[in-house]
Amino acid sequence: MFSTEVKGLRLVPESPLNYPGEPFLWQKKTIGSILTDRGELTAEQFILATDVWTGALTDPVGIDSHVRPKKREIFQVSGDVAENILHTEGLNDYGILPFTIMPKSGVYIRPAPKERSLWIGVADNIGRSFSFEEDPQADADFYQMNLRPVMEAYWRNYDKTKVTSMWAGHYCYNTLDKAPFIFRSMNTVIADGTSGSGILKGDSIGRFVSSAFFSDDKVKLYDGTVMETAALGVEGRNVPVEKIIL
Ligand SMILES: Cc1cc2nc3c(=O)[nH]c(=O)nc-3n(C[C@H](O)[C@H](O)[C@H](O)COP(=O)(O)OP(=O)(O)OC[C@H]3O[C@@H](n4cnc5c(N)ncnc54)[C@H](O)[C@@H]3O)c2cc1C
181 MFSTEVKGLR
191 LVPESPLNYP
201 GEPFLWQKKT
211 IGSILTDRGE
221 LTAEQFILAT
231 DVWTGALTDP
241 VGIDSHVRPK
251 KREIFQVSGD
261 VAENILHTEG
271 LNDYGILPFT
281 IMPKSGVYIR
291 PAPKERSLWI
301 GVADNIGRSF
311 SFEEDPQADA
321 DFYQMNLRPV
331 MEAYWRNYDK
341 TKVTSMWAGH
351 YCYNTLDKAP
361 FIFRSMNTVI
371 ADGTSGSGIL
381 KGDSIGRFVS
391 SAFFSDDKVK
401 LYDGTVMETA
411 ALGVEGRNVP
421 VEKIIL
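This is the structure in structure tokens:
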């Protein structure tokens, strides 16, 4: 059901007594239904693939989403100088600059040959609040005062490039080890904490969600590696800390 907003999770007792105020402390609980702007939907199990929005659904019923949001922005720069940088020869067979991280402050260039432009970004930490906006906007001043000076220090004539587009979203951070969380609470599987690499990890995340959904102890990854489903969970978590977050 596209364009349907989930307004909340309805926590109910597994064995209802039909007494006002249920579920009580001493009753075994489950998510009985989800409340949407197109009515109430019931199911035996639910999957929340809501990443940075997960807390809005799980907080009211007391499930910890274990994640925190941070705004992230991309700035597209174009023009002759940007194209010269894009077409840097000698680094690969394509004559295109590869994805490049500046040594200073982790500012990166993601080449965009189809758009004849460069995408500039950074995953800044201290000084960047953990906060959430429903419609985050890229901040041109952030680019001018923070990213542009770093780029100018490395690339000749960079001051002649122009910002031609910009956009923003959130990284949904697992602040502990920066790997996704896939865990079950009652009859609900929760997938969040993609920490800026949920597209890259989408195949594996889907496989973990499937195993968690069917209560399988093991997950078989694309390359045949077998892992414990609990490795990305909360209890029994067993993954190394992700070192490179861009
Ligand atoms: C600027 C930027 C650059 C990025 N670059 C990369 C990259 O190069 N590589 C990479 O791997 N990752 C990148 N990421 C991260 C990547 O976008 C995320 O990890 C990924 O989109 C997470 O996928 P998801 O399906 O878990 O969640 P999302 O894509 O966030 O999807 C969650 C969906 O749930 C919906 N939803 C939430 N709450 C409700 C509700 N109450 N009712 C109904 N629907 C709801 C939302 O509308 C949304 O459609 C980037 C992120 C940003 C912000």
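As numbered in the working numbering, residues 181 to 426 make up the sequence shown, in order.
We put the beta carbon where it would ideally sit given N, CA and C, even for glycine.
Exercise. What is the residue span of the beta strand (DSSP E) that residue 370 lies within?
Worked result: As a working note, residue 370 is residue 190 in the sequence shown. That run of the beta strand (DSSP E) goes 368-372.
For this session: For the beta strand (DSSP E) holding residue 345, just list the boundary residues, first then last.
Result: Position 165 of the sequence shown, counting from 1, holds the residue named residue 345. Residue 345 -> beta strand (DSSP E) spans 342-353.
For this session: Look at the alpha carbon of residue 352 and the alpha carbon of residue 245, and state the distance between them as a whole number of angstroms.
Result: The residue you call residue 352 lines up with position 172 of the sequence shown. The residue you call residue 245 lines up with position 65 of the sequence shown. Note on geometry: alpha-carbon atoms of residue 352 and residue 245 lie some 10 Å from one another.
For this session: Kindly identify the DSSP beta-bridge partner or partners of residue 399.
Result: Your numbering for residue 399 matches position 219 in the sequence shown. The partner list for residue 399 (beta bridge, DSSP) reads 407.
Exercise. From residue 360 to residue 402, what distance separates their C-alpha atoms?
Worked result: Position 180 of the sequence shown, counting from 1, holds the residue named residue 360. Position 222 of the sequence shown, counting from 1, holds the residue named residue 402. Rounded to whole angstroms, residue 360 to residue 402 spans 17 Å at the Cα level.
Problem set entry | For residue 263 and residue 383, the rounded distance between their alpha carbons | One-based indexing of the sequence shown puts residue 383 at position 203. One-based indexing of the sequence shown puts residue 263 at position 83. Straight-line Cα distance between these residues: approximately 33 Å.
For this session: Figure out for me which residue from 239, 328, 355 has the closest Cα to the Cα of residue 250.
Result: As a first step, residue 250 must be located in the sequence shown, where it is residue number 70. Nearest C-alpha to residue 250: 355.
Exercise. Going straight from the alpha carbon of residue 273 to that of residue 298, what length do you get?
Worked result: Translated into the one-based positions of the sequence shown, residue 273 becomes position 93. Translated into the one-based positions of the sequence shown, residue 298 becomes position 118. Straight through space, the alpha carbons of residue 298 and residue 273 are spaced by roughly 19 Å.
Exercise. Pairing CB atoms from the stretch 265-282 with CB atoms from the stretch 387-401, are three or more of them under 8 Å?
Worked result: Touching, no, given that fewer than three Cβ pairs across the two stretches are closer than 8 Å.
Exercise. Between residue 295 and ligand 1, is the CB less than 8 Å from at least one heavy atom?
Worked result: In the sequence shown, counting from the first residue as 1, residue 295 sits at position 115. Relative to ligand 1, the beta carbon of residue 295 is positioned no closer than 8 Å to any heavy atom.
For this session: Report yes if the CB atom of residue 414 is closer than 9 Å to the CB atom of residue 406, and no otherwise.
Result: Sequence index remark: in the sequence shown, residue 414 carries index 234 (1-based). Sequence index remark: in the sequence shown, residue 406 carries index 226 (1-based). No, Cβ-Cβ distance for residue 414 and residue 406 is not below 9 Å.
Exercise. By Cβ distance below 6 Å, which residues in the same chain neighbour residue 284 in space, the five residues on each side in sequence not counted?
Worked result: Here residue 284 is taken as the residue at index 104 of the sequence shown, counted from 1. The residues are 330.
Problem set entry | Rounded Cβ spacing between residue 327 and residue 389 (contact assumed at less than 8 Å) | Position 147 of the sequence shown, counted from the start, is the residue given in the question as residue 327. Position 209 of the sequence shown, counted from the start, is the residue given in the question as residue 389. That belief does not hold up - the Cβ atoms of residue 327 and residue 389 are roughly 35 Å apart, past 8 Å.
Exercise. Which parts of the stretch 249-278 are runs of the alpha helix (DSSP H), unbroken and 4 residues or longer, counting only runs that do not cross its ends?
Worked result: Counting only runs of 4 or more, we get 260-266.
Exercise. When you compare each of 324, 349, 357 to residue 342 by their alpha carbons, which one comes out closest?
Worked result: Translated into the one-based positions of the sequence shown, residue 342 becomes position 162. Nearest Cα to residue 342 within the set 324, 349, 357: 324.
Exercise. When DSSP builds the beta bridges, which residues end up paired with residue 299?
Worked result: By one-based count along the sequence shown, residue 299 stands at place 119. Residue 299 pairs with 256, 290.
Exercise. Counting contacts by CB-CB distance shorter than 9 Å, is residue 194 in contact with chain D?
Worked result: No chain D is present in this structure, which holds just one protein chain.
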